[in-house]
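First the structure, in the form of structure tokens, and then the observations on it.
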Amino acid sequence: MNFEHSPRALALLQRLTDFMQRYVLPHNAAWHQAVQQGDYPPPFLDDLKTLAYEEGLWNLFLPGLSDDEPGTRLDNLDYAPLAEVMGKLHWAAEVFNCSAPDTGNMELLHRFATPAQRTQWLTPLLNGTIRSAFAMSEPDVASSDPTNLQTTVRHEGDGLVLNGRKWFITGVAHPACKLLIVMARNAVDDSGAPDIKHHQHSMVLVPLDTPGIEVVRNISVVHHHAPEGHCEIVFRHVRVPADHLLGGWGEGFAMAQARLGPGRVHHCMRTIGQCELALALATERALERQTFGRYLADYANVQEWIALSRIEIDQARLLVLRCAWLLDHPDMAEPAAVRAQVAAIKVVAAGLQTRVVDRAMQIFGAMGLSPDTPLAQFWTWGRALHLLDGPDEVHLRSVARHELERARERMGASSAYFTTPEQMRTPPHLSA
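Just so you know, we're using this note's numbering here: the sequence shown kicks off at 9 and counts up by one.
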């Protein structure tokens, strides 16, 4: 198992870092000012995107791109450090066409779309001319168990009709959002699958301007209002052509799993980037601020916070890189083991962000609660990450189930490490 990044990835990392310093960061204050004034996306964003495209810093993920599709074709391990750099500035990923949920949606379309669907939706997404959203979570059921989802899709003549309600749908308020990928329950189960529970949902490609779609509201997250939106949507007899079905009927969960792994690595590495920035801000603050005649950096508790943050960041990064390597080498581990790793990094990243950023906010004092630093926003999304893509408890359950299954397979193999009275009376013997 080798976590070393390729020379090409390291070269791209240096170019990306330079681009961020030279072009993106100087626009950060202007980006926030534009958003506060309701000018979203800011007019300079397209100029930055054009420049990134011309520099070859575009679609830095998706290793399976064809020769005529724009992108760098990095695998998960090589893309990971680039995601970390982009994560330090929450709007930077869009400059390089690497924003969620577009990245996951492009992954889905690249793997499962028909040629016509690729032309209509994947090509403009790869070119950055449109944005998209992924509609899964629902307000009326416990979405932590995705088999509960109640939004329905049914065949009607030569079309598909959807009814239901979704919420916390990221990206819908972006003016360039044109496509929803909707996970919906089959109104009639005719998939023929023996495991009905996990074959009763399908994915449907729904243009956002389809009649019957109502964007009810943009939901704030811990009082943070995202301009791109985390929206509640109602579908009332929304009708699309039958050829808007993505993949097979009843195969929604299988496709969602395929989307999950790389996207989880992207999220976690962006989180690690934010934690690195939070630690950098905290250490600099500790070296320049004094209380009671001493610099904050001289207090033992502050030193402990700094040390713990450094240790935890490095631990988390290694775990995520291990997961990325396993995703790139599927023959090196059982699928169940890889799924457990994908679940584990989500839990670790969420806990990391809330702890590291909380310590940094404490060092900053009142300023850490203000919008003058990125810390309050980092903490908000760290807290949200405990629920996004499923709550921590569901992922911990997945890890535990995998570990218990491993224990069942080796049941009794560890008993030789006991030193019970019965074992003490049994003379040792050498195996032939």
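Positions of the beta carbon are idealized from the N, C-alpha and C atoms, including for glycine.
With 16 or more other Cβ atoms from the protein chains shown falling within 10 Å of its own Cβ, D83 counts as buried.
Per DSSP, L329 has no beta bridge partner at all. Between the alpha carbons of A415 and S422 lies a gap of roughly 10 angstroms. Taking a 10 Å sphere around the C-beta of Y425, we find fewer than 16 other C-beta atoms and assign the residue as exposed. Rounded to whole angstroms, the separation of the alpha carbons of R347 and A286 is 29 angstroms. Restricted to the stretch 140 to 193, the beta strand (DSSP E) segments that are unbroken, complete and at least 3 residues in length are 160 to 164, 167 to 178, listed in chain order. Ranked by how close their Cα comes to the Cα of S317, the residues H337, L360, A341, Y303 have L360 in first place. A60 is the residue among M144, V149, A60 whose C-alpha sits nearest the C-alpha of C106.
Measuring C-alpha to C-alpha distances from G167 to each of H245, A294, E63 identifies H245 as the nearest.
As summarised for the stretch 278 to 361, the continuous alpha helix (DSSP H) elements at least 4 residues long and confined to that stretch are 308 to 336, given in chain order.
For N36, DSSP assigns no beta-bridge partner whatsoever. Taken in chain order, the whole alpha helix (DSSP H) runs of length 4 or more contained in the stretch 77 to 142 are 84 to 95, 100 to 103, 110 to 120, 131 to 135. Distances from the CA of T137 to each of A124, S152, P183 were compared; the closest alpha carbon is that of P183. One alpha carbon belongs to H163, the other to A150, and they sit about 26 angstroms apart.
In this structure, R367 sits near W313, with a CB-CB distance shorter than 8 angstroms. The straight-line gap separating the alpha-carbon atoms of D322 and C283 is approximately 10 angstroms. Fewer than three Cβ pairs drawn from the stretch 110 to 117 and the stretch 35 to 55 lie within less than 8 angstroms of each other, which leaves the two stretches out of contact. By the Cβ neighbour-count rule, F300 is exposed, with fewer than 16 other Cβ atoms within 10 Å of its own. The DSSP-derived three-state label of M263 is helix.
Secondary structure of P215 (DSSP, three-state): strand.
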